[in-house]
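Trainee:
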Amino acid sequence: MSEEKILQVEDLKTYFKTDEGTVKAVDGVSFSLGRKESLGIVGESGSGKSVTNQSLLRLIPSPPGKIVGGSVKLEGVDILKLPKSKLRNIRGNKISMIFQDPMTSLNPFLKISTQMIETIMLHQHEDKKTAREHSIEMLRMVGLPKPERRIDNYPHQFSGGMRQRVMIAMALSCKPQVLIADEPTTALDVTIQAQILEIMQDLSDRLGTALIMITHDLGVVAGLCDRIAVMYAGRIVEEADTESLFEEPKHPYTQGLISSVPRLDKKTGKKLSSIPGQPPNLIDLPDCCPFYPRCPHVMDICKNKYPSEVKTEDGSSTRRVSCWLYS
Amino acid sequence: MKHDVLLETKDLKMHFPIEDGIIFKRKVGAIRAVDGVDLTLRKGETLGVVGESGCGKSTTARAISQLYQPTSGEVIFEGTDLTKLSQFELLKTRRQIQMVFQDPYASLNPRMVVNDIIREPLDIYRNRRLLDMDRKEMEAKVENLMERVGLSRYFKNRYPHEFSGGQRQRIGIARSLALNPRVILADEPVSALDVSIQAQILNLFLELQEEFDLTYMFIAHDLSVIEYVSNRVAVMYLGKVVEIANSKSLYKQPLHPYTKALFSAAPIPDPKVERTRKRIVLEGDVPAPDQERFGCYFYDRCPYRMDVCKKNVPELLEVDTDHKVACYLYFTQEQKSRLN
Chain E
1 MSEEKILQVE DLKTYFKTDE GTVKAVDGVS FSLGRKESLG IVGESGSGKS
51 VTNQSLLRLI PSPPGKIVGG SVKLEGVDIL KLPKSKLRNI RGNKISMIFQ
101 DPMTSLNPFL KISTQMIETI MLHQHEDKKT AREHSIEMLR MVGLPKPERR
151 IDNYPHQFSG GMRQRVMIAM ALSCKPQVLI ADEPTTALDV TIQAQILEIM
201 QDLSDRLGTA LIMITHDLGV VAGLCDRIAV MYAGRIVEEA DTESLFEEPK
251 HPYTQGLISS VPRLDKKTGK KLSSIPGQPP NLIDLPDCCP FYPRCPHVMD
301 ICKNKYPSEV KTEDGSSTRR VSCWLYS
Chain S
328 MKHDVLLETK DLKMHFPIED GIIFKRKVGA IRAVDGVDLT LRKGETLGVV
378 GESGCGKSTT ARAISQLYQP TSGEVIFEGT DLTKLSQFEL LKTRRQIQMV
428 FQDPYASLNP RMVVNDIIRE PLDIYRNRRL LDMDRKEMEA KVENLMERVG
478 LSRYFKNRYP HEFSGGQRQR IGIARSLALN PRVILADEPV SALDVSIQAQ
528 ILNLFLELQE EFDLTYMFIA HDLSVIEYVS NRVAVMYLGK VVEIANSKSL
578 YKQPLHPYTK ALFSAAPIPD PKVERTRKRI VLEGDVPAPD QERFGCYFYD
628 RCPYRMDVCK KNVPELLEVD TDHKVACYLY FTQEQKSRLN
């Protein structure tokens with residue numbers, strides 16, 4: 001794509017040292033994000049999706065974790081090489097994050113107003129009064145009723161869905177270029193999830209924010225994202241634009257993932273297909289395809305070497321897959 | 328068609344008291360978790376129960392199995408009301424009704440090995456002389472159960488933490504089958520699992536049902552999971568059943584405004600469908616269940632609310648064969664006029 005890339009992640013590696021050995025939670029992840037684009041990162045628990053995105057903002061607790069290699073370039077500047085003092089300017093300002101659990105990511109001792117105004121004053125250099133008005137405006141945009149009054153409430157006075165709205169308002173208040181949403185609707189009920197997804201889509205469109213959506217739910221990304229990357233055992237095994245990924249999944253894992261979700265709109269016959277076995281242990285993973293023990297198309301070479309990435313250009317979009325079937 | 332009813336609840340209510348005061352507790356109100364639920368479980372079927380968190384799905388299951396003492400109402404299993412039985416009588420009957428829980432981490436004792444976990448129900452009944460089995464038979468039973476649910480018998484001396492989430496859920500299922508029950512109440516058994524594992528466990532449930540002639544009440548918040556496993560589905564909201572129907576007709580044509588909204592909110596993993604379909608986005612949140620309600624429980628959020636809904640609670644009305652809904656939109660004029 002000729003479109004300008006705002007975020008470029010190359011060969012990112014984050015390892016955790018444990019007593020049993022090194023856990024390669026993220027092991028060579030590369031992706032890029034265009035302006036106003038939305039990228040979905042899908043994978044099961046332990047596949048490294050959250051660690052990848054925490055690494056982007058260097059939020060990995062160290063020790064035990066360590067980013068051992070790679071680069072994360074935001075408009076050409078490598079975040080991983082920035083001094084700590086400069087990081088502040090990026091976190092919450094240029095790249096914002098929304099977390100899964102809105103209760104634990106808001107400070108329970110502070111009013112919403114304090115938490116929001118603080119961020120805006122710091123990054124946008126507004127005075128207190130403007131910052132407050134700005135906050136109220138943001139809260140109104142995310143559909144919080146009576147924001148002038150609710151802004152002075154504490155987090156526990158909001159329901160789960162309302163708290164997530166507050167988080168979104170806060171995350172978008174500095175007009176970041178990139179919004180990373182880490183399972184933002186997993187803790188919410190479906191009717192509330194629908195509200196939140198609608199707000200996120202609408203607002204990122206309006207403010208021109210690029211979106212990285214991390215989730216385990218294929219249904220959530222299907223409607224929201226332009227492109228989808230599928231992660232397995234710390235690597236991206238396939239990436240494609242949403243339509244082609246769902247229409248013609250190439251990696252056996254993606255195929256398995258899509259067919260093991262029961263569909264509301266379609267009867268798929270009586271028995272649901274499932275992927276046998278379990279995700280691998282990430283400690284000291286040998287240099288092989290980590291999916292081979294569960295793969296229906298396993299070949300000898302899969303057990304000896306990790307497949308190299310195959311890129312195909314398909315009109316305007318690139319898709320890539322790491323599987324020996326296509327090498 | 329006449330159906331054999333195996334288990335039935337009649338106006339089941341489970342209210343949890345809200346207490347105030349430091350030393351002398353006084354009751355200041357009640358959380359109406361389950362507020363008048365009538366359900367029937369037919370022999371050999373799977374009744375799916377869906378609803379959002381706090382709608383009383385789990386409480387209903389727990390009140391049926393008498394893990395909670397219901398506030399009022401009846402739970403009738405093969406003609407006997409479980410709520411009126413003595414402790415010992417209850418133990419005898421409850422052998423037929425077992426539960427599988429949501430959290431495979433919290434529902435297995437971390438200090439017991441798998442063998443002991445699965446054997447515990449057998450021990451309990453044997454110690455009270457309700458089960459005639461010697462040690463050898465019990466051992467064989469545990470091993471058979473383990474193999475049946477897809478766990479190697481060589482794992483029997485391991486602790487729960489040595490297993491993954493999916494395997495733990497298999498242990499929980501094996502435990503629930505130990506006493507050869509007829510009814511299994513499965514409370515969100517797959518919601519803590521990843522999709523690839525979820526499919527394995529759902530298939531296991533279906534196989535076991537056929538093999539052991541089981542009747543399931545299957546609770547989940549995921550509509551597609553419920554559709555996959557259920558013959559009939561009950562939709563709950565704020566402690567009440569708002570719609571109950573056979574799975575086909577409910578998914579083809581949901582009638583209650585809440586069911587409609589719920590169905591339209593569930594994301595579908597297909598970008599083409601997802602981008603063209605229209606969502607009904609409900610306003611607001613589910614209200615707190617701490618007040619007695621005199622109108623329809625869904626009144627505050629309903630896009631079709633009418634005057635009649637404000638002051639009357641609609642009862643479940645059969646509008647089609649095997650399709651009941653509690654909503655005044657489907658009442659005839661005559662039925663409505665009888666209200667006032």
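In order, the protein sequences belong to chains E and S. If you read the first sequence in this note's numbering, its first letter stands for residue 1, the second for the next number, and so on. If you read the second sequence in this note's numbering, its first letter stands for residue 328, the second for the next number, and so on. Ideal placement from N, C-alpha and C gives every residue a C-beta, glycine not left out.
(1) Give the DSSP-derived three-state secondary structure of Arg-602 of chain S in the structure shown.
(2) With distances taken from CA atoms, which of S:Val-652, S:Lys-638, S:Lys-637 is nearest Leu-644 of chain S?
(3) Classify Gly-48 of chain E: buried if its beta carbon has 16 or more other beta carbons within 10 angstroms, exposed otherwise.
(4) Could you give the residue range of the alpha helix (DSSP H) that holds Lys-330 of chain E?
(5) Met-426 of chain S: buried (16+ other C-beta within 10 angstroms of its C-beta) or exposed?
(6) Between which residues of its own chain and Met-328 of chain S is the CB-CB distance below 7 angstroms, once the five residues before and five after are set aside?
(7) Among the candidates S:Arg-446, S:Arg-455, S:Met-473, whose CA atom is the shortest distance from the CA of Arg-462 of chain S?
(8) For Phe-291 of chain E, decide whether its Cβ has a neighbour in chain S, counting only Cβ atoms nearer than 8 angstroms.
(9) For Met-1 of chain E, count neighbouring Cβ atoms within 10 angstroms of its own Cβ and tell me buried if that reaches 16, exposed if not.
(10) Note down the Cα distance separating Lys-84 of chain E from Tyr-626 of chain S, rounded to an integer number of angstroms.
(11) I need the boundaries of the beta strand (DSSP E) containing Asp-202 of chain E, first residue and last residue.
(12) I think Gly-40 of chain E touches Thr-318 of chain E, with their Cβ atoms under 8 angstroms apart; what is that distance to the nearest whole Å?
(13) At a cut-off of 7 angstroms, is Asp-300 of chain E close to the ligand GTP when judged by its beta-carbon and the heavy atoms of the ligand?
(14) Is it buried or exposed for Leu-334 of chain S, if we count other Cβ within 10 angstroms and need 16 for buried?
(15) What are the residues in the stretch 192–220 of chain E lying within 9 angstroms of chain S by C-beta distance?
(16) If you compare alpha carbons, which of E:Lys-129, E:Ser-32, E:Gln-164 is closest to Gly-143 of chain E?
(17) Here's the rule I'm using: 16 or more other beta-carbon atoms within 10 Å means buried, otherwise exposed. How should Asp-217 of chain E be labelled?
(18) With distances taken from CA atoms, which of S:Ala-505, S:Glu-401, S:Asn-484, S:Thr-410 is nearest Met-439 of chain S?
(19) Ignoring anything shorter than 3 residues or poking outside the stretch 285–314 of chain E, list the beta strand (DSSP E) runs there in chain order.
(20) Taking only beta-carbon atoms, is Leu-550 of chain S less than 8 angstroms away from chain E?
(21) Can the beta-carbon of Ser-669 of chain S be found closer than 8 angstroms to that of Ser-557 of chain S?
(22) Which chain E residues sit within Cβ distance under 7 angstroms of Ser-523 of chain S?
(23) Throw me the rounded Cβ distance for the Ile-168 of chain E and Met-200 of chain E pair, which I believe falls under 8 angstroms.
(24) Spatial neighbours of Val-646 of chain S within its chain, please: CB distance less than 7 angstroms, with the 5 preceding and 5 following residues excluded, ordered by chain position.
(25) Taking DSSP as the reference, what is the three-state secondary structure of Gln-157 of chain E?
(26) Report yes or no: is there a C-beta of chain E within less than 8 angstroms of the C-beta of Leu-589 of chain S?
(27) If contact means a Cβ-Cβ distance below 8 angstroms, which residues of the stretch 138–161 of chain E contact chain S?
(28) If we count the other Cβ atoms within 10 Å of its Cβ and call it buried at 16 or more, is Val-77 of chain E buried or exposed?
(29) State yes or no: is the C-beta of Pro-641 of chain S within less than 8 angstroms of the C-beta of Ala-360 of chain S?
(30) Measuring only the C-alpha atoms, how far is Leu-472 of chain S from Leu-504 of chain S?
(31) What residues from chain E crowd round Val-608 of chain S, counting only those whose CB sits closer than 7 angstroms?
(32) If you follow the alpha helix (DSSP H) that His-123 of chain E is in, where does it begin and where does it stop?
(33) Please work out which residues of its chain come closer than 7 angstroms, Cβ to Cβ, to Gly-277 of chain E, disregarding the five sequence neighbours upstream and downstream, and give them in chain order.
(34) Is it true that the stretch 344–353 of chain S meets the stretch 372–385 of chain S, where meeting means three or more beta-carbon pairs spaced less than 8 angstroms apart?
(35) Interface residues of chain E around Asn-530 of chain S at Cβ under 8 angstroms?
(36) Looking at C-alpha atoms only, which residue of S:Gln-580, S:Phe-539, S:Ala-588, S:Val-600 is the closest neighbour of Asp-649 of chain S?
Mentor: On the basis of the coordinates in this document:
(1) helix
(2) S:Val-652
(3) buried
(4) Because chain E spans 1 through 327 in this model, residue 330 of chain E falls outside it and cannot be assessed.
(5) buried
(6) Confidence in Met-328 of chain S is poor, its pLDDT being 47 and thus under 50, which makes the residue's placement too unreliable to answer from.
(7) Answer by Cα proximity: S:Arg-446.
(8) no
(9) Because the pLDDT of Met-1 of chain E is 41, which lies under 50, any placement of that residue in the model is unreliable, and the number read from its coordinates should be weighed accordingly. By the 10 Å Cβ count, Met-1 of chain E comes out exposed.
(10) Rounded to the nearest whole angstrom, the C-alpha separation of Lys-84 of chain E and Tyr-626 of chain S is 53 angstroms.
(11) Per DSSP, Asp-202 of chain E belongs to no beta strand (DSSP E); it is in the alpha helix (DSSP H), 190–207.
(12) Not a contact, Cβ separation roughly 16 angstroms.
(13) The model on display carries no ligand, and the ligand GTP is accordingly not part of it.
(14) Per the 10 Å Cβ criterion, buried.
(15) Ile-192, Gln-193, Ala-194, Gln-195, Leu-197, Glu-198, His-216, Asp-217, Leu-218, Gly-219, Val-220
(16) E:Gln-164
(17) buried
(18) For the set S:Ala-505, S:Glu-401, S:Asn-484, S:Thr-410, the Cα lying nearest the Cα of Met-439 of chain S is the one of S:Asn-484.
(19) 309–314
(20) yes
(21) Coverage of chain S is limited to positions 328 through 667, which leaves residue 669 of chain S absent and any answer about it impossible.
(22) Glu-44, Gly-256, Leu-257, Ser-260, Ser-274, Ile-275
(23) Between Met-200 of chain E and Ile-168 of chain E the Cβ distance is about 6 angstroms, and since that is below 8 angstroms, they are a contact.
(24) Leu-582, Val-652, Tyr-657
(25) helix
(26) yes
(27) Ser-159, Gly-161
(28) exposed
(29) no
(30) 8 angstroms
(31) Ala-194, Gln-195, Glu-198
(32) Run containing His-123 of chain E: 112–124, per the alpha helix (DSSP H) assignment.
(33) Within the same chain, Cβ atoms closer than 7 angstroms to the Cβ of Gly-277 of chain E are found at Pro-293, Arg-294, the five residues on either side in sequence being excluded.
(34) no
(35) For a Cβ distance threshold of 8 angstroms, residue set Lys-271, Leu-272, Ser-274 of chain E lies close to Asn-530 of chain S, ordered along the chain.
(36) S:Gln-580
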